[in-house]
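Okay, so here's the structure we're looking at.
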Amino acid sequence: MGDIVTQYKKAGGGEKKEHLYKILVIGELGTGKTSIIKRYVHQFFSQHYRATIGVDFALKVLNWDADTLIRLQLWDIAGQERFGNMTRVYYKEAVGAFVVFDVTRASTFEAVTKWKSDLDNKVQLSDGSPVPCVLLGNKCDQAKEGLVNNASQMDEFCKEKGFIGWYETSARENINIDEAARFLVTKILEKDRANKLGDDVRDGDTILVDGKDPSNGPVKKSCC
Amino acid sequence: MACEEFPNNFDVVVLGTGLTETIAAAAFSRIGLKVLHLDRNDYYGGAYSNFNLDGIEDWRKANETRNRDCNEDEEIPDKVKDLLQNGETVISLNRDNKTAFNIQARFHVRERTTEEQAKADLKFNTFKFPSLNEPNPTSDISQEEEEKKEDAEQSESPSTDSGVSSCTEKLNERLSLTTTSDNTAEVCEIKDFSQPEPPKSYCEDSHAAQVENPPKRSEWTVGDIKDDWRRYCLDISPKILYCCGDLVDLLIQSDVARYCEFRSVSRVLTVLNNLLLQVPCSRADVFSSKAVSLIEKRLMMKFLQFAIDYESSPQEYQNYLDKPFIEFLKSKKLTPNIQHYIQHAIAMVTDSELTQVGLTKTKKFIQSLGRYGNTAFLFPLYGTGELPQAFSRLSAVFGGIYCLATTATHLIADSDRKCCGIITSKGQRISCRYVIAECSYLPPSLVLKLNKRMLSRAVYITDNSLLPTGDSELSLLHYVSPKDSEKPVTVLELPSSACVCPKNTFIIHLTTISNHNDPSEDFNDVRETLFANEVSVQNEATVKPKILWSIYFNQEDNSKVKLTEDAVTNVLVASGGGDPGVDLDWCVAEAKVIFHTVCPTEEFLPKPPNPEDIILVDDAEASTSQGTSEYQVKNEEEISEIQETVSTDSVQEAV
Chain A
1 MGDIVTQYKK AGGGEKKEHL YKILVIGELG TGKTSIIKRY VHQFFSQHYR
51 ATIGVDFALK VLNWDADTLI RLQLWDIAGQ ERFGNMTRVY YKEAVGAFVV
101 FDVTRASTFE AVTKWKSDLD NKVQLSDGSP VPCVLLGNKC DQAKEGLVNN
151 ASQMDEFCKE KGFIGWYETS ARENINIDEA ARFLVTKILE KDRANKLGDD
201 VRDGDTILVD GKDPSNGPVK KSCC
Chain B
1 MACEEFPNNF DVVVLGTGLT ETIAAAAFSR IGLKVLHLDR NDYYGGAYSN
51 FNLDGIEDWR KANETRNRDC NEDEEIPDKV KDLLQNGETV ISLNRDNKTA
101 FNIQARFHVR ERTTEEQAKA DLKFNTFKFP SLNEPNPTSD ISQEEEEKKE
151 DAEQSESPST DSGVSSCTEK LNERLSLTTT SDNTAEVCEI KDFSQPEPPK
201 SYCEDSHAAQ VENPPKRSEW TVGDIKDDWR RYCLDISPKI LYCCGDLVDL
251 LIQSDVARYC EFRSVSRVLT VLNNLLLQVP CSRADVFSSK AVSLIEKRLM
301 MKFLQFAIDY ESSPQEYQNY LDKPFIEFLK SKKLTPNIQH YIQHAIAMVT
351 DSELTQVGLT KTKKFIQSLG RYGNTAFLFP LYGTGELPQA FSRLSAVFGG
401 IYCLATTATH LIADSDRKCC GIITSKGQRI SCRYVIAECS YLPPSLVLKL
451 NKRMLSRAVY ITDNSLLPTG DSELSLLHYV SPKDSEKPVT VLELPSSACV
501 CPKNTFIIHL TTISNHNDPS EDFNDVRETL FANEVSVQNE ATVKPKILWS
551 IYFNQEDNSK VKLTEDAVTN VLVASGGGDP GVDLDWCVAE AKVIFHTVCP
601 TEEFLPKPPN PEDIILVDDA EASTSQGTSE YQVKNEEEIS EIQETVSTDS
651 VQEAV
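Top line first, the protein sequences correspond to chains A and B.
Taking the UniProt record's numbering, I'd label the letters of the first sequence as residues 1 to 224.
Taking the UniProt record's numbering, I'd label the letters of the second sequence as residues 1 to 655.
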């Protein structure tokens, strides 16, 4: 998956480029990952999210600029998240990530490092560098606890742990979510333009097994 | 991350994340049953797992200290007894189980010299992790400054360029290859659509990047291999999929295919008269092959046409049903070459296997040709170990709870000898209706292993292909040793395009039924025939691949198991892998039986909706709508467990 660029003619005759990016949203249980996704993608906030059943990702389409359309797949983590045991299937081909913690619970911040190293272990860009990752301190409309009160220490933390930046967000009050996403997408586009997203070992012969059976029925004989 | 307790009630507890168990777990979750899925290991896949170079070393070490089975007579600890109710008893389970034996791993190349190491360190730091060495202007963004930052970043010059990929390659990757001989129009159409001319700057970049591709090494060192340790995906049970097999059909039907990509196993090789050559399988191959004469072409085509529909002409083979396939082939007056191709490369049967087996396998092979290109088999990118993970993801997406490095220490049986729960290794009692356990989790008193044999496996990292052509080919070879034709060696060669190794290396898997106490001895013959001899490297280096690193081990054949007569009810056993076959279709059948034992009338892994088609409903609307969709959780208790926020304020809706 990673980045797929397709181009099509615009009405005016110019070319419009379309990118598809897979972005992961990870972090401890109850930090508001699903709330952030729903706020960003569907523009609403609810106190009562159920664990996401039957859905792999939410899709956000961005008209980035006159020449660029971006489709963001935001991958929420499913039932397995609760114990931190992600499959490689979930991580693979991601080009960006948000690690979310809850500013009202210092314990969720302590787990941030673990999530980041799990991420870096399981997925890298084609040049071996880590995927761009933004740290989100969610629920910033409520009383904060711990390191997040000290901006310069947070900057230092991000630098040390390899986050490209951090934001205080609130899914409830809709604070900084669009900004954080815009920042991440900007970094992904930079990487993309420097050709760092693809996986170098592959070439043109990957096969996607899908229902659209190319031979019109499995029993078709090709040798006869 | 893992300090939380599990909920106390599930419909099904599954022990082990091998392929059968994960397919079954996905099927249960898919119809709304509550599934808890545990694995004693800290990785997915059990016997179907795969590892990078560091991981396989950890696996080797872990297996050295493992025990074979638990002590069933051990005293039940008081804290377990305290969790039991009246009339309940417990059965101790294996917490730790050894299924791989005699593991030997080593490098066959020299260490780096100090100078080489210093040079490599420098290169590694500059090229591999440019972002770590960059002054990092983005790490201290306060929100007011953000605008400025973005400007600054844009003017930043691109960092040291080591990206070897290009967008054009990326585009090509997405082609769902549909090359069948009679479908060329469709192929063209797809290509036109997904291969637009890349913008100029991209082309230039990709050109520059390609120049930097690693040069082919004349000599390897341990460090050269270790530097890329993450890029290796070494399967401990390497398997391939028949294009028309049950597993491919299930991947499509369940939509688990969206989590995987595949490569076709583009070559079937054979050793004939001491020569390694490619077997012509499809109609096109047969006709273009120079290895078969015109008469042979007609004979082979005729036989393959018969085999694809052999049931409709029973008179052709009924006299041979209780005789070996080889005798039937001889009766068809095929030439020795054609007989060899059909027996060893297409049907892959030994001299003693019966006609019925040979015909069934030949038919399956020929049916599988042409569905995804000119080949009968697919291999999952990143290895066979991806498949259990893909089914696990589906189960998790439908609410299955996964926890690794955790197992059940005891089964709880009620007074009727019916299983009603487990005690976890964290000391929690969990009630459930059914337990599905991979056989190595159950003690010997509960499970019978019907195949009392071991497999020998070898995995090599090599510097070249067995039969280099310049193209990136995945190859299957059914190697028959002249010394023991009943124990053929299955050889699977994977290039870097299968995403299992870095460029300019190959992974070669060898599997056979164990004959010796030392697994490496089982491969002496094939190693001498196909690989460069370590001592006389000079003479043969150009012809045969050099083994750079190897691992050998024995694996218990746990593919046929059943419960003993006095086992408790409501426990179902799943096989634990280790069969010598090339494919995994039997795991689908096994998972289906397990599923239908628990849910006789439910549909097995129906297609889920496309994520892009699902409209998320707000809770306020959901609670008023009458016809609850299957994606809404019906159980109140469950809802409260999984709420992400605790507050009970009324729902807000913005914009």
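Ideal Cβ positions, reconstructed from N, Cα and C, are used throughout, including at glycine.
Chain A within 8 Å of residue i, Cβ atoms only
i: Thr-462 of chain B; result: no
i: Val-248 of chain B; result: yes
i: Ser-392 of chain B; result: yes
i: Glu-386 of chain B; result: yes
Neighbour list for residue i in chain A, Cβ cutoff strictly below 7 Å
i: Gln-389 of chain B; result: Thr-87, Arg-88 and Val-89
i: Cys-403 of chain B; result: Phe-83 and Asn-85
i: Tyr-44 of chain B; result: Thr-87
Reference residue i; option with closest CA among the options
i: Leu-36 of chain B; options: B:Leu-19, B:Ile-422, B:Leu-321 and B:Val-588; result: B:Ile-422
i: Val-573 of chain B; options: B:Glu-438, B:Lys-607 and B:Pro-606; result: B:Glu-438
i: Pro-280 of chain B; options: B:Gly-399, B:Leu-272 and B:Val-292; result: B:Val-292
i: Lys-16 of chain A; options: A:Cys-133, A:Asp-67, A:Ser-35 and A:Asp-155; result: A:Asp-67
i: Lys-92 of chain A; options: A:Val-100, A:Arg-39 and A:Tyr-21; result: A:Tyr-21
i: Leu-119 of chain A; options: A:Glu-156, A:Val-103, A:Arg-105 and A:Val-89; result: A:Val-89
i: His-490 of chain B; options: B:Val-265, B:Leu-477 and B:Lys-483; result: The sequence shown places Thr at residue 490 of chain B, not His. Of B:Val-265, B:Leu-477 and B:Lys-483, the residue nearest in Cα terms is B:Leu-477.
i: Ala-532 of chain B; options: B:Lys-544, B:Asn-524, B:Asp-42 and B:Gly-46; result: B:Lys-544
i: Ala-78 of chain A; options: B:Ala-390, B:Thr-407 and B:Gly-576; result: B:Ala-390
i: Ile-276 of chain B; options: B:Pro-468, B:Ile-76 and B:Lys-592; result: First, the residue type needs correcting, since residue 276 of chain B is Leu and not Ile in the sequence shown. Selected option, being the one with the closest Cα: B:Pro-468.
i: Ile-26 of chain A; options: A:Phe-57, A:His-42 and A:Ile-175; result: A:Phe-57
i: Asp-65 of chain A; options: A:Leu-125, A:Val-185, A:Phe-101 and A:Thr-34; result: A:Val-185
Residue i Cβ short of 7 Å to the ligand GDP heavy atom set
i: Ser-312 of chain B; result: Looking at this structure, you won't find the ligand GDP or any other ligand, since it has none at all.
Chain B contact for residue i (CB, 8 Å cutoff)
i: Ala-78 of chain A; result: yes
i: Arg-202 of chain A; result: Caution is warranted here: a pLDDT of 44 is assigned to Arg-202 of chain A, below 50, making its placement in the model unreliable, and no coordinate value can be reported.
Closer than 9 Å at the beta carbon, the chain B residues around residue i
i: Phe-101 of chain A; result: Simply none; closest approach about 12 Å.
i: Val-148 of chain A; result: In chain order: nothing, as chain B lies at least about 13 Å away.
Neighbouring residues, chain A, relative to residue i (Cβ below 8 Å)
i: Pro-608 of chain B; result: Gly-54
Own chain partners of residue i with C-beta closer than 7 Å, once the 5 adjacent residues on each side are dropped
i: Glu-88 of chain B; result: Ile-412, Ala-413 and Asp-414
i: Lys-363 of chain B; result: Ala-307, Ile-308 and Tyr-310
i: Gln-153 of chain A; result: Leu-147
i: Glu-5 of chain B; result: Gln-428
i: Leu-33 of chain B; result: Asp-11 and Val-12
i: Cys-243 of chain B; result: Ser-368, Arg-371, Tyr-372, Ala-376, Phe-377 and Leu-378
i: Leu-19 of chain B; result: Tyr-48, Leu-387, Pro-388, Leu-584 and Cys-587
i: Thr-221 of chain B; result: Val-109, Arg-110, Glu-111, Arg-112 and Glu-116
Residues of its chain near residue i, where Cβ-Cβ distance is below 8 Å and the 5 sequence neighbours each way are ignored
i: Cys-158 of chain A; result: Leu-135, Ile-164, Gly-165 and Trp-166
i: residue 697 of chain B; result: Nothing in the structure corresponds to residue 697 of chain B, since chain B is present only between 1 and 655.
i: Leu-354 of chain B; result: Leu-321, Asp-322, Lys-323, Pro-324 and Phe-325
Interface partners of residue i on chain A, CB under 9 Å
i: Thr-378 of chain B; result: Reading off the sequence, residue 378 of chain B comes out as Leu, not Thr. Within 9 Å Cβ-Cβ: Ile-207 and Val-209.
Sequence-distant residues of the same chain with beta carbon closer than 6 Å to residue i, five excluded per side
i: Arg-263 of chain B; result: Phe-379, Leu-474 and Ala-498
i: Ala-567 of chain B; result: Leu-446
i: Ile-338 of chain B; result: Glu-296, Leu-299 and Met-300
i: Cys-233 of chain B; result: Asn-50, Tyr-382, Gly-383 and Val-500
i: Lys-187 of chain A; result: Pro-132 and Ile-164
Practice task
Identify every run of the beta strand (DSSP E) within the stretch 129-169 of chain A, keeping only runs that are complete inside it and at least 3 residues long; order them along the chain.
Solution key: As far as the stretch 129-169 of chain A is concerned, its whole beta strand (DSSP E) runs of at least 3 residues are 133-138 and 165-168.
Exercise for the section: Let me know the alpha helix (DSSP H) ranges lying completely inside the stretch 288-318 of chain B, each 4 residues or longer, listed in chain order. Expected result: 294-308, all fully within the stretch 288-318 of chain B.
Problem - Completely contained beta strand (DSSP E) runs for the stretch 507-566 of chain B, where each covers 3 or more residues - result: Counting only runs of 3 or more residues that sit fully inside the stretch 507-566 of chain B, the beta strand (DSSP E) segments are 547-556 and 561-563, in chain order.
Handout entry: In chain order, each alpha helix (DSSP H) run of at least 4 residues that lies wholly inside the stretch 209-260 of chain B
Key = Every alpha helix (DSSP H) stretch that sits fully inside the stretch 209-260 of chain B and reaches 4 residues is listed by chain position as 222-226 and 246-254.
Problem - Complete beta strand (DSSP E) runs within the stretch 95-127 of chain B (minimum length 3 residues, chain order) - result: You should have 100-107.
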